[in-house]
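Scroll down for the structure; my scribbles are underneath it.
What follows is the structure, given as structure tokens:
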């Protein structure tokens, strides 16, 4: 089963853009923080401070009304596994009954149109994105012959960001290994489990809440570590003779 959620949060921008959440909502009251974009050798970084964070979650097999969002159910084009159905609540029968369509060029164009309404540079933010969401999205775009559709976007994995930002002494050296699952981090910060876990919309809301924990530090980290989405290696490729190769 497929479920995509893309809420956009403006990291910086003009107050003439009513659809966005402006930097004042992410920074402490009275903050006069100024961020600079460093350069790191020859690696391509955003040309200036990232303007829009796109919180992305893909579940493979509702946001505040002041924020632009897309939440879509996408038919996978194959039978949903029982495990995926149990986690997401989506099944082949449910998706078919509601006439859900597969991931196609129309949906990609819709995502592009959504992104183009947000200030640039854009940066996709996903939890475990480097290992899952970004390679999967790259692979599906390539299958449609649209591999370059999001080449003007950047991306960061929130796990890497939170590991870098969490105080080094916040866990016991001899205690159990600290978990960086989305639910574990949310529980550490807010003292309760995140609502609506394992739905795309619920997970991006949880991630958005987590990323407001240290907003200024997070924005500086994003500006320093965002990488072009075009550099992500697809999770799999398809050839005419061999089919899908992981």
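In this note's numbering, the protein residues as written are 6 to 251. From the three backbone atoms N, C-alpha and C, an ideal C-beta is built for every residue, glycine too. Model, not experiment: these values are computed from the prediction.
Considering Cα atoms alone, identify which of 238, 57, 224 and 142 is closest to residue 128.
Selected option, being the one with the closest Cα: 57.
My output table needs one value for residue 237: the three-state DSSP class, helix, strand or coil.
The answer is coil: DSSP assigns residue 237 none of H, G, I, E or B.
Residue 140 versus residue 197 - alpha carbon distance:
Here the C-alpha atom of residue 140 lies approximately 31 Å from the C-alpha atom of residue 197.
When DSSP labels each residue in this structure, what does residue 5 get in the three-state scheme?
Limits of the chain in this structure are 6 at one end and 251 at the other, which puts residue 5 out of reach.
Given a cut-off of 9 Å, decide if residue 214 and residue 191 are closer than it, judged by their beta-carbon atoms.
Against a cut-off of 9 Å, the Cβ pair of residue 214 and residue 191 comes out as a contact.
With H, G and I counted as helix, E and B as strand and the rest as coil, what does DSSP make of residue 78?
Correct three-state label for residue 78: strand.
Euclidean distance between Cα positions of residue 89 and residue 132
Computed Cα separation, rounded: 18 Å.
Just to confirm my understanding: we take residue 235, look at its own chain, exclude 5 residues before and 5 after, and list those with CB closer than 6 Å. What are they?
Counting only Cβ-Cβ distances below 6 Å, and skipping sequence neighbours, we find 156.
DSSP on residue 108, reduced to helix/strand/coil?
Correct three-state label for residue 108: coil.
Reference residue 96, options 84, 106 and 104, closest by Cα
The shortest C-alpha separation from residue 96 is found at 84.
Which of the three DSSP states, helix, strand or coil, is assigned to residue 168?
Residue 168 falls in the helix class under three-state DSSP.
Kindly list the residues whose CB is nearer than 6 Å to the CB of residue 120, restricted to its own chain and excluding five residues on each side of it in sequence; keep chain order.
So the list reads 127, once near-sequence residues are dropped.
From residue 164 to residue 233, what does the alpha carbon distance come to, in whole angstroms?
Going by C-alpha positions, residue 164 is about 17 Å away from residue 233.
Under the assumption that residue 110 contacts residue 148 (Cβ atoms under 8 Å), give the Cβ distance between them as a whole number of angstroms.
So it is not a contact: roughly 11 Å between Cβ atoms.
Within the continuous beta strand (DSSP E) that includes residue 160, where are the two ends?
Looking at the DSSP string, the run of the beta strand (DSSP E) that includes residue 160 is 159-162.
Of all the options 159, 104 and 112, which has the alpha carbon lying nearest to the alpha carbon of residue 130?
Ranked by how close their Cα comes to the Cα of residue 130, the residues 159, 104 and 112 have 159 in first place.
Considering only the beta carbon of each residue, do residue 108 and residue 82 sit closer than 9 Å?
For the pair residue 108 and residue 82, the CB atoms are nearer than the 9 Å cut-off.
Beta-carbon spacing of residue 171, residue 62 below 9 Å:
No; because the gap between Cβ atoms is not below 9 Å, this pair is not in contact.
Between the C-alpha atoms of residue 151 and residue 241, what's the straight-line distance to the nearest angstrom?
Spanning the two alpha carbons is a distance of roughly 15 Å.
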